[in-house]
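Following: one structure in structure tokens, then a few remarks.
Numbering (this note's numbering), first residue to last: 28 to 228.
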């Protein structure tokens with residue numbers, strides 16, 4: 028349950044529980060005990076359930092919206108992907124970016140759980156965090172972490188195989204997402220591909 032009227036504060040609280048687990052109390056032999064329940068098994072990525080849902084419907088207030096793809100991990104909508112038709116010359120990946128900004132206003136409950144946002148036109152693709160502006164939506168440029176993907180390789184393919192590899196995505200969520208506080212606001216930051224792979228070498 029989240030308590031703040033601000034999406035980013037609720038997201039920060041959820042991220043804490045996601046990474047550290049949830050403390051629960053239970054009664055055993057007439058004694059109240061507590062334990063930590065892990066929402067995600069970060070040590071064994073294959074033990075988690077991954078599900079990508081196309082056109083997932085979210086109804087909130089008077090809005091009925093369908094983000095293009097929502098990636099659920101253990102039933103939680105951790106990644107939202109918005110795609111734009113590359114055949115439509117009037118749209119760009121920033122059309123998809125703007126759509127996500129609208130969704131955050133209209134269906135904020137979906138984004139309480141968000142760990143990554145992805146925009147693509149089918150070829151070009153970029154990823155960012157919940158509060159990232161356009162400048163911080165960046166391409167993921169390697170699949171294996173050793174070599175840069177050829178420029179002829181579609182960015183969406185590289186991002187899906189590189190960043191959204193099950194083990195890598197969970198590692199990013201656990202260790203490469205941070206919240207920054209200043210006097211005015213809280214912002215969420217997700218590591219770029221070079222920061223992630225340099226740290227893990």
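All C-beta atoms in this analysis are idealised placements derived from N, C-alpha and C, irrespective of residue type, glycine included.
Check                                                                                                                                                                                    : Outcome
Mapping DSSP to helix, strand and coil, what is residue 161?                                                                                                                             : helix
For residue 189, which of helix, strand or coil comes out of DSSP?                                                                                                                       : helix
What alpha helix (DSSP H) runs, 4 residues minimum, are completely inside the stretch 125 to 170?                                                                                        : 135 to 138
For residue 204, which of 43, 33, 34 has the nearest alpha-carbon?                                                                                                                       : 43
Mind the definition here: the stretch 90 to 104 touches the stretch 66 to 73 only if three or more C-beta pairs lie below 8 Å; say whether that holds.                                   : yes
Between residue 134 and residue 206, what straight-line distance do the alpha-carbon atoms span, to the nearest angstrom?                                                                : 22 Å
Which residue or residues does DSSP assign as beta-bridge partners of residue 226?                                                                                                       : Answer by DSSP bridge pairing: none, since residue 226 is not bridged.
With burial defined as no fewer than 16 other Cβ atoms inside 10 Å of the residue's Cβ, what is the status of residue 147: buried or exposed?                                            : buried
Assuming residue 165 and residue 138 make a contact with CB atoms under 8 Å, what is their CB distance in whole Å?                                                                       : Not quite, the Cβ-Cβ distance comes to about 19 Å (not below 8 Å), so this is no contact.
Should residue 162 and residue 182 be called a contact, given that it needs their Cβ atoms to be closer than 8 Å?                                                                        : no
Could you check if residue 49 is buried or exposed, using at least 16 other CB atoms within 10 Å of its CB as the buried criterion?                                                      : exposed
For the pair the stretch 113 to 124 and the stretch 72 to 79, tell me if three or more CB-CB distances fall below 8 Å.                                                                   : no
Does the beta-carbon distance from residue 155 to residue 217 come in below 8 Å?                                                                                                         : yes
Might you give, ordered along the chain, the residues of its own chain that have their beta carbon closer than 6 Å to the beta carbon of residue 52, omitting 5 neighbours on each side? : 59, 61
For residue 41, which of 126, 136, 87 has the nearest alpha-carbon?                                                                                                                      : 136
Tell me the rounded alpha-carbon separation between residue 83 and residue 175.                                                                                                          : 33 Å
With distances taken from CA atoms, which of 159, 107, 129 is nearest residue 90?                                                                                                        : 129
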